[in-house]
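These notes are about the structure you will find just below.
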Amino acid sequence: MIVQQINTTLNTAAPGRIAEEIGKVLLAHGHSSYIGFGRSERPSESKLIKIGNNLDQALHGAKTRLFDKHGFGSHHATARFVKQIDNINPDIIHLHNIHGYYLNVEVLFRYLKQAGKPVVWTLHDCWPFTGHCSYFDFVNCFRWETECHHCPNRHAYPKSWLADNSRQNFYRKKELFTGVEDMVFISPSEWLAQLLKRSFLRDYPVHVIRNGIDLHSFRPMDNSSELRQKYQLGDKKILLGVASIWDRRKGFNDFIKLSKKLSENELIVLIGLNHKQAHDLPANIRGIARTENLSELTGFYSLAEVFVNPTYVDNFPTTNLEALACGTPVVTYNTGGSPEAIDDQTGLCVPKGETHQLHNAIGKVMAVGKEHFRPLCRARAEDMYNKENRYMDYLGLYNKLLKIS
Numbered sequence: 001m002i003v004q005q006i007n008t009t010l011n012t013a014a015p016g017r018i019a020e021e022i023g024k025v026l027l028a029h030g031h032s033s034y035i036g037f038g039r040s041e042r043p044s045e046s047k048l049i050k051i052g053n054n055l056d057q058a059l060h061g062a063k064t065r066l067f068d069k070h071g072f073g074s075h076h077a078t079a080r081f082v083k084q085i086d087n088i089n090p091d092i093i094h095l096h097n098i099h100g101y102y103l104n105v106e107v108l109f110r111y112l113k114q115a116g117k118p119v120v121w122t123l124h125d126c127w128p129f130t131g132h133c134s135y136f137d138f139v140n141c142f143r144w145e146t147e148c149h150h151c152p153n154r155h156a157y158p159k160s161w162l163a164d165n166s167r168q169n170f171y172r173k174k175e176l177f178t179g180v181e182d183m184v185f186i187s188p189s190e191w192l193a194q195l196l197k198r199s200f201l202r203d204y205p206v207h208v209i210r211n212g213i214d215l216h217s218f219r220p221m222d223n224s225s226e227l228r229q230k231y232q233l234g235d236k237k238i239l240l241g242v243a244s245i246w247d248r249r250k251g252f253n254d255f256i257k258l259s260k261k262l263s264e265n266e267l268i269v270l271i272g273l274n275h276k277q278a279h280d281l282p283a284n285i286r287g288i289a290r291t292e293n294l295s296e297l298t299g300f301y302s303l304a305e306v307f308v309n310p311t312y313v314d315n316f317p318t319t320n321l322e323a324l325a326c327g328t329p330v331v332t333y334n335t336g337g338s339p340e341a342i343d344d345q346t347g348l349c350v351p352k353g354e355t356h357q358l359h360n361a362i363g364k365v366m367a368v369g370k371e372h373f374r375p376l377c378r379a380r381a382e383d384m385y386n387k388e389n390r391y392m393d394y395l396g397l398y399n400k401l402l403k404i405s
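Note that the working numbering gives residue 331 to position 331 of the sequence shown, counting from 1, and the numbers run on in steps of one.
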């Protein structure tokens, strides 16, 4: 079996790591794995195809910013990529994030329609069925159910400074994405699966396959004394937040509000901040740059009393799963599929934006104590989010599509 995956980034951020892990499963079972990607190249075990270059992506970005035509740039880069796919002649084509300034969806889907290959599409956000945005719920807009127009979220990713092309984008996507005969969708969350059934993609099969993580890497660690000394944490009780990019959508402003409610023996640690964000923090928030140091990251997850995820837009954040695997309970907003990661034994969920309730929920969890939650959180991660099981689900789906017993 030959599988060609496509994603914006390579082996970084959740979609890129998921594609890499699927590739590893394929290789371990004697199959071939190819990954086409736009940027952020990191080591990979799959055979790789780089799509386009920096100039091409910059021009695609300009087309997005000025004309709101995201996904309709990178014509020549995508045409070259399609020829490479054709030469590989894969049995399955597996899409992940096809937005991100690197791919022309019109060129890609014209090829998919004529190639006649089974297509698997894992959705990591809502962009495929909206006329503009990756998450509509930040502005509580449901025009995507009938017809996008006068987009109230135009300045969100993929940002457009001038034009509102949401109506035309909506119909172009609908015409392109609904014409593939043999296509199935995968959602990591029930939340997104239900949205798909209300969108113009409703006639396609939808399966829920949860994201998986490496439980050997993400496990309870005992390097707290090293981290406390290195980052001058003292003996404070740690409330942890982790994100690739911190902004108001990820709850950065809510952490600032939360910091005003903490006691003197509590400290917020935020991982993934840029230099300016880290420089302007209140005294009881410690900012740390994004890290690929897995030992340090798992150490922080293990050290924290509670993992706090006040996200306003999300599908099924892997940070929740990583925290659980390290034995740490999760408090999150009722956003997208984020609450689906936990149950009443492993965390709490509160309404979006309610920082007072967020603080109360953190207090409840901390009052019960980390020792109570640690085995329960780890057990949930082992039962539901083991990558060895979740990515085998993809292999089973591939076999089913190809009618391999």
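For every residue, glycine included, the Cβ atom is placed at its ideal position computed from N, Cα and C.
Inset, instruction - Please determine, among V184, L201, M366, the residue with the shortest C-alpha to C-alpha distance to L239. - result: Translated into the one-based positions of the sequence shown, residue 239 becomes position 239. Comparing Cα positions, the closest option is M366.
Inset, instruction - Report all residues from its chain with a CB closer than 8 angstroms to the CB of S134; omit the five preceding and five following residues, and keep chain order. - result: Position 134 of the sequence shown holds residue 134. If we look at S134 and ignore the five residues flanking it on each side, its Cβ neighbours are H99, D125, C126, W127, A156, Y157, P158, V313.
Legend entry - the region 323-338 contacting the region 374-394, beta-carbon criterion three pairs below 8 angstroms: yes
Legend entry - Contact with chain D by E21, beta-carbon distance below 8 angstroms: No chain D appears in the structure shown, which is made up of a single protein chain.
Inset, instruction - Kindly confirm or deny that the region 285-294 and the region 253-270 touch, where touching means at least three C-beta pairs closer than 8 angstroms. - result: yes
Legend entry - Euclidean distance between Cα positions of R210 and P188: As a working note, residue 210 is residue 210 in the sequence shown. As a working note, residue 188 is residue 188 in the sequence shown. In a straight line, the C-alpha of R210 is about 4 angstroms away from that of P188.
Legend entry - Top-ranked residue by Cα proximity to G73, from H149, I93, L108, D137: The residue given as residue 73 occupies position 73 in the sequence shown. If we check each option's Cα against that of G73, L108 comes out closest.
Inset, instruction - Would you check if the distance between the CB atom of V120 and the CB atom of L402 is smaller than 8 angstroms? - result: The count along the sequence shown starts at 1 and reaches residue 120 at position 120. The count along the sequence shown starts at 1 and reaches residue 402 at position 402. No, these two residues do not count as a Cβ contact at 8 angstroms.
Inset, instruction - Taking E190 as the reference, give the member of A341, G241, T146, E145 with the closest Cα. - result: Stepping through the sequence shown from its first residue, residue 190 is reached at position 190. Answer by Cα proximity: A341.
Inset, instruction - Identify whether I18 lies in helix, strand or coil by the three-state DSSP scheme. - result: The residue labelled residue 18 in the question sits at position 18 within the sequence shown. In this structure, I18 counts as helix in the three-state DSSP scheme.
Legend entry - Segment contact, 8 angstroms Cβ cut-off, at least three pairs: the region 355-366 with the region 297-316: yes
Inset, instruction - Can you give me the Cβ contacts of F200 inside the same chain, cut-off strictly under 7 angstroms, excluding the 5 residues immediately before and after it? - result: Within the sequence shown, residue 200 is the residue found at index 200, counting from 1. Answer for F200: F129, K174, T178, listed in chain order.
Inset, instruction - Report the rounded CA-to-CA distance for S338 versus T318, giving the unit in angstroms. - result: As a first step, residue 338 must be located in the sequence shown, where it is residue number 338. As a first step, residue 318 must be located in the sequence shown, where it is residue number 318. Using only the alpha carbons, I get a separation of about 9 angstroms.
Legend entry - Contacts around R198, its chain only, beta-carbon distance under 7 angstroms, and the 5 residues preceding and following it disregarded: For the purposes of this step, residue 198 is identified with residue 198 of the sequence shown, where counting begins at 1. Same-chain partners within the cutoff: E145.
Legend entry - Beta-carbon proximity of L358 to V331, cut-off 8 angstroms: Locating residue 358 in the sequence shown gives position 358, counting from the first residue. Locating residue 331 in the sequence shown gives position 331, counting from the first residue. Contact flag set, yes.
Inset, instruction - Confirm, please, whether the CB-CB distance from S44 to N87 is below 8 angstroms. - result: Here residue 87 corresponds to residue number 87 of the sequence shown, with the count starting at 1. Here residue 44 corresponds to residue number 44 of the sequence shown, with the count starting at 1. It is not a contact, given that the beta carbons lie outside the stated cut-off.
Inset, instruction - Spell out the partners DSSP gives C133 in its beta bridges. - result: Position 133 of the sequence shown, counting from 1, holds the residue named residue 133. DSSP, once it has assigned bridges, lists no residue as partnering C133.
Inset, instruction - Tell me whether K260 is buried or exposed, calling it buried when 16 or more other Cβ atoms sit within 10 Å of its Cβ. - result: As a first step, residue 260 is located in the sequence shown; it is residue number 260 there, counting from the start. Per the 10 Å Cβ criterion, exposed.
Inset, instruction - In angstroms with no decimal places, state the Cα-to-Cα distance between F316 and Y231. - result: Position 316 of the sequence shown, counted from the first residue, corresponds to residue 316. Position 231 of the sequence shown, counted from the first residue, corresponds to residue 231. The straight-line gap from Cα to Cα measures roughly 30 angstroms.
Inset, instruction - Entirely within the region 71-131 and at least 4 residues each: give me those alpha helix (DSSP H) ranges in chain order. - result: 75-88, 105-115
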